[in-house]
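Contents: one structure, followed by commentary.
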Amino acid sequence: MELRYSESEEQFRAQLREWLEATLPTLSPEPGREAWPERRTWDTDWQRRLFDAGYAGLAWPSEFGGRGASPTEQLVFLEETTRARAPYVGVNFVGTLHAGPTLIAEGTDEQKSAHLPRILRGDEVWCQGFSEPGAGSDLASLRTRADRDGDDYVLNGQKIWCSFGQIADFGEFLVRTDPNAPKHKGISWLILPMDTPGIDVRPLRTVLGSSEFSEVFLNDVRVPVGNRVGAENDGWRVTNVTLSFERGTAFVSELVDSLRLVEDVAPLVTDPAYRRELGRCAAEFDGLWALTKRSISQAVRHGAPGAGAMVTKLAYSEARQRFGELCLRVLDRGALAIDGNELVEERLRTLALTIAAGASQIQRNIVSERVLGLPREPR
Amino acid sequence: MDLELSDDQVALRDGIASLLAGRFGSDRIRAGFDRVMWDELAAAGVFSLGADGFGWADRVVVFEELGRACVPGPLVAGSLAHGSVEGIVGGVDRAAAGEVAMVEHLDALDRVLVLDDDGIAAVDAAAVDGDPSPWPLDPLTPVTRVASLPAGERIGDAALARDWRRQGSVLTAAFALGLATRGTELAVEYAKGREQFDRPIGSFQAIKHLLADMLVRAEVARAAVYSAGAHLDDPELPGLDRSIATAKVLACEAAIVNGKSATQVYGGMGFTWEVDVHLYLKRAWVLDTHFGSVEHCSDAIAKSLPSR
Ligand SMILES: Cc1cc2nc3c(=O)[nH]c(=O)nc-3n(C[C@H](O)[C@H](O)[C@H](O)COP(=O)(O)OP(=O)(O)OC[C@H]3O[C@@H](n4cnc5c(N)ncnc54)[C@H](O)[C@@H]3O)c2cc1C
Chain Z
0 MELRYSESEE
10 QFRAQLREWL
20 EATLPTLSPE
30 PGREAWPERR
40 TWDTDWQRRL
50 FDAGYAGLAW
60 PSEFGGRGAS
70 PTEQLVFLEE
80 TTRARAPYVG
90 VNFVGTLHAG
100 PTLIAEGTDE
110 QKSAHLPRIL
120 RGDEVWCQGF
130 SEPGAGSDLA
140 SLRTRADRDG
150 DDYVLNGQKI
160 WCSFGQIADF
170 GEFLVRTDPN
180 APKHKGISWL
190 ILPMDTPGID
200 VRPLRTVLGS
210 SEFSEVFLND
220 VRVPVGNRVG
230 AENDGWRVTN
240 VTLSFERGTA
250 FVSELVDSLR
260 LVEDVAPLVT
270 DPAYRRELGR
280 CAAEFDGLWA
290 LTKRSISQAV
300 RHGAPGAGAM
310 VTKLAYSEAR
320 QRFGELCLRV
330 LDRGALAIDG
340 NELVEERLRT
350 LALTIAAGAS
360 QIQRNIVSER
370 VLGLPREPR
Chain R
0 MDLELSDDQV
10 ALRDGIASLL
20 AGRFGSDRIR
30 AGFDRVMWDE
40 LAAAGVFSLG
50 ADGFGWADRV
60 VVFEELGRAC
70 VPGPLVAGSL
80 AHGSVEGIVG
90 GVDRAAAGEV
100 AMVEHLDALD
110 RVLVLDDDGI
120 AAVDAAAVDG
130 DPSPWPLDPL
140 TPVTRVASLP
150 AGERIGDAAL
160 ARDWRRQGSV
170 LTAAFALGLA
180 TRGTELAVEY
190 AKGREQFDRP
200 IGSFQAIKHL
210 LADMLVRAEV
220 ARAAVYSAGA
230 HLDDPELPGL
240 DRSIATAKVL
250 ACEAAIVNGK
260 SATQVYGGMG
270 FTWEVDVHLY
280 LKRAWVLDTH
290 FGSVEHCSDA
300 IAKSLPSR
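Same order as they appear, the protein sequences are chains Z and R.
Just so it is clear: in the first sequence, position 88 is 87 by numbering that gives the first Met the number 0, and no numbers are missing.
Just so it is clear: in the second sequence, position 127 is 126 by numbering that gives the first Met the number 0, and no numbers are missing.
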């Protein structure tokens, strides 16, 4: 076991740090809440700068514009960008962290060259159209139909909780291509251009009063069959590839951010009992950071991370909620106004952590069945 | 950066695990700690790992296995004192003036190491006068109430005491990690076998979720403990004390909460003397009092964070 990074990794760190120091002061001020087109411009501008400097798609193969960096260099990247308070991936989340990686793993050459470089350059923003009003945890029960008509699919149905749907260019959409097959066997994974006629995106209001996610209504939406990723009716397998990225690596940046936030909040915490709780939260985040490093070490050594990687999202969501609750208590009545109070906003935001990308109850089912080998529930 | 066991560490772990499985089954463990056990562990090299060229990360791997087997005895003290004190040694943090010290395993000891902020003293066990508890919390950790500890012979200065506290914390955390891990294994085995309502109780979500959370706690703690072990091998890296306290907090809490959850999964059996689960939980409570509890270590971490 060894905690130090290699010389070449430290060199990578030093270069990155220098670049961040030079670049961050040149960014324009962040747009305000609810200014979605401006948000898109700002986030994709950052993505473009990363791309130009060779830091976009660190883990992606170089043939798609990525850097082909080692997993450990990705960790260093997260450490440094968070320490420097660089922008968060924002609207590029789906494209860079799970739709893109899914295309790399499952897409055709055409699909890869059409989308991957554009995602990395910040030219293309993606959203995720998996959930439906009747299909959340039981995602495979989704009902949006895709009927074959010549070289097109014709889509009809409704999606929900589609984050950044109102500003996305493309979506990863799950549709039912065989209504007669058992529910896991009739699904296909499609690339949906969001400007296709027949798509109606209607924003929903979150507990924060914000509107980053939407309902998406699909009315006779024609999509070329060539937009399918993976075989027809094999979409559930592709979905699991996407979810493994979404629930796995995508959370690491949040974790590093939590470590930063603990340092930021600490000076406000003076009461001994709250201070103790803060120490306890820091231990949890430090432990999760060690777990992230351990999972990466295991992936490097064995080709796959161990059981620990499966528990990261579960443990992280609970830890961050616990920390969020502490922040609220520390503010006391100061927490009664959200405006100008990042920590209150933060507490509300963390309510979603145990729900989004697979609710914690579902994660526990998965961990107990796949890692501990317990019997499945009768379903 | 590498927090996975090396091939050598895997061999070390498997070696000690098979030794423990062969010679330290439940009956032997339940018979408690004695000189024969000490000699056997010493012959197996448990205390001399440092002298034999193993690092702290390696020792962590061994102590995790000792914890999984719930081996009783002053193992951490024996490991720290190896080479500097003869005989069977136990350790105790000097209680605040006027407070009664609870000395563990006194009857089996030759020497008691007394740690305080100024240094380490070695006291002849025979010279320690106390009142043995007829009913210790952990039946495998006998304790003696000692009103006043003799001054003894000074064998180390404040710097050594600080180092021993750091190292002792990490080994204790590793042992606690083993307890947490075994607690999970025992409960999972039981949940797969025990049937109610015509199916294994492990198919009920209420049980599955307890078990999943046990695994989560143990895995997060494992990463923290390995990281702290590697940190002791490279103490120049910043944040040593914080990483040690983190390991101690997460491992002891995992051991305690997993012990409690395992009891729940076992139902009525979990409340019996016969099932091993209580031994794991009780040891976890004992270890939480060594080198700072979950709360005290959380305070120490908080101190390392910025303050106004
Ligand atoms: C902030 C946010 C952003 C999101 N963004 C997107 C997005 O961009 N695209 C997208 O497709 N989706 C998105 N989602 C949707 C998200 O994936 C779902 O909300 C989630 O999978 C849960 O589904 P549901 O909301 O229908 O809840 P339900 O499935 O109705 O669950 C309700 C409760 O029942 C529990 N439950 C359900 N089934 C079981 C079971 N078998 N055993 C035990 N408990 C059970 C759940 O754990 C939960 O507590 C987002 C959600 C949030 C909160």
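Just so it is clear, CB atoms sit at the ideal spot from N, CA and C, and this is done for glycine as well.
Among the CB atoms of chain Z, one or more fall inside 8 Å of the CB of residue 307 of chain R. Legend: CB atoms of the region 291-317 of chain Z lying less than 7 Å from CB atoms of chain R belong to residues 292, 293, 296, 297, 300, 306, 307, 310, 313, 314. Flagged as an interface residue toward chain Z: residue 300 of chain R, by a C-beta distance shorter than 8 Å. With a threshold of 7 Å, the Cβ atom of residue 364 of chain Z counts as near ligand 1, since some heavy atom of the ligand is closer than that. Counting the other Cβ atoms within 10 Å of the Cβ of residue 196 of chain R gives fewer than 16, which makes it exposed. Annotation: residue 110 of chain R to residue 272 of chain Z spans about 38 Å, alpha carbon to alpha carbon. For residue 100 of chain Z, the enclosing alpha helix (DSSP H) starts and ends at 99-105.
Residue 158 of chain R is not a Cβ neighbour of residue 119 of chain R, given a cutoff of 8 Å. Among the CB atoms of chain Z, none fall inside 8 Å of the CB of residue 137 of chain R. Judged by their CB atoms, residue 174 of chain Z and residue 145 of chain Z are nearer to each other than the 8 Å cut-off.
Beta bridge pairing from DSSP links residue 152 of chain R with R:121. In the three-state reduction of the DSSP assignment, residue 305 of chain R falls in the coil class, being assigned neither a helical nor a strand state. At a cut-off of 7 Å, the beta-carbon of residue 195 of chain R does not count as near ligand 1: no heavy atom of the ligand is closer than that.
At a cut-off of 8 Å between beta carbons, residue 149 of chain R makes no contact with chain Z.
The beta carbon of residue 351 of chain Z sits closer than 7 Å to at least one heavy atom of ligand 1. The CB of residue 199 of chain R comes closer than 9 Å to the CB of 373, 374 in chain Z, given here in chain order. Non-local beta-carbon contacts of residue 183 of chain Z in its own chain, meaning distances under 7 Å to residues more than five positions away in sequence, involve 139, 235 in chain order. Not one heavy atom of ligand 1 lies closer than 7 Å to the C-beta of residue 69 of chain R.
Residue contact with chain R for residue 162 of chain Z: absent (no Cβ-Cβ distance below 8 Å to any residue of chain R).
The Cβ atoms of residue 131 of chain Z and residue 163 of chain Z lie no closer than 8 Å to each other. Chain Z places no beta carbon closer than 8 Å to that of residue 268 of chain R, leaving this residue out of the contacts. Under the Cβ criterion of 8 Å, residue 101 of chain R is not counted among the residues facing chain Z. According to DSSP, residue 152 of chain Z shares a beta bridge with Z:147, Z:222.
In this structure, the straight-line span from the alpha carbon of residue 93 of chain R to that of residue 248 of chain R is close to 21 Å. The region 288-295 of chain R and the region 210-229 of chain R do not touch, with fewer than 3 CB-CB distances between them shorter than 8 Å. Taking the beta carbon of residue 269 of chain Z as reference, the chain R residues within 8 Å of it are 306, 307, listed in sequence order. Neighbourhood of residue 231 of chain R in chain Z, by CB distance below 7 Å: empty, with the nearest CB roughly 10 Å away.
Judged by beta-carbon spacing, residue 127 of chain Z lies beyond the 8 Å limit of residue 88 of chain Z, meaning their Cβ atoms are not closer than that value.
Taken through DSSP and simplified to helix, strand or coil, residue 110 of chain R comes out as strand.
Residue 13 of chain Z carries a helical assignment under DSSP once its states are collapsed to helix, strand and coil.
Assignment of beta-bridge partners to residue 101 of chain R by DSSP yields R:144.
The Cβ atoms of residue 189 of chain Z and residue 240 of chain Z lie no closer than 8 Å to each other. The alpha-carbon of residue 75 of chain Z is positioned some 16 Å away from that of residue 287 of chain Z. CA-to-CA, the gap between residue 26 of chain Z and residue 185 of chain Z works out to about 46 Å. One Cα belongs to residue 90 of chain Z, the other to residue 169 of chain R, and the distance between them is close to 42 Å.
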